[in-house]
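Numbering (the numbering used here), first residue to last: 5 to 214.
See below for the structure under consideration.
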C-alpha cells in the first residue's frame, strides 16, 4: 500500500492548491504527514485596487495554516502572474531545488489539461523535475476541458470544512464563483458519490510508484 510521508503541493498561484486539493492537504496533515506547499505567483497585479500588494501572500499564509501546513513548509515565489511560460528554465531550476531539498514521495500539481498558461508551465516543468516520484493532477473544473478521474481521496466533513475555511481566508478573491461554499460542497459530493463516500477529491494520476 502506498503511504507517502512527504507530499509537495505545487500551486502556480496562491489558492490553487486549496481549491484543487485543500481537503486532501488537511487529511495528510492530520495524519502527521509532512506537507509542503509551493506557490509561484503572489498575483499582486490581479488584486482589486482596494487591496495592498501583499494581500495574497498574507491570505495564503493564513489559508495553508488552516489546513495544517506549518509556516516552515510554505514556500512562496514571486513570479508575475500569466508570465510563467517566459520563465520556464528558471522555474525548472526552482523545482529541481525543491526536489533536492524536500525529497517528496508524492507531488500534486495542476492537471495536464489545465488551459491556464501558468498552470501548464508548472505542470510541464514539474514532469521534468520530479522523475521517479508519484505525482497526480488536481482538479480545477473551470480550467479543465478534459479530466480523467482515476484517483480519489475520500474526505471527512471536518476536512471539507477546513478546505472551505481556508478558502474564506482569501477575502480578496471572494467574488469569484468558484470560491463559493456551495460549489465546493457540490463538487466534493459528486466526487464522493463516485468514490462511494460522502465527500471526496478527484485526481488524475500520471505516475504511481509503490
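All C-beta atoms, glycine included, are put in the ideal place defined by N, C-alpha and C.
Sorting 145, 183 and 163 by C-alpha distance to the C-alpha of residue 172 places 183 at the top. As a beta-bridge residue in DSSP terms, residue 141 pairs with 113 and 208. Shown here, residue 55 sits in coil according to DSSP, grouped into three states, outside any helix or strand. Restricting attention to 29, 144, 138 and 170, the CA atom closest to the CA of residue 6 is found in 138. Contact between the stretch 150–170 and the stretch 17–32 is present: three or more C-beta pairs spanning the two stretches fall below 8 Å. Burial state of residue 144 is buried, judged by a 10 Å Cβ sphere holding 16 or more other Cβ atoms. Shortest Cα-Cα distance from residue 123 to any of 8, 10, 16 and 203 involves 16.
Taking all protein chains shown into account, residue 52 has fewer than 16 neighbouring C-beta atoms within 10 Å of its C-beta and is therefore exposed.
With respect to the C-alpha of residue 79, the residue from 88, 106 and 176 having the closest C-alpha is 106. The bridge partners DSSP lists for residue 203 are 159.
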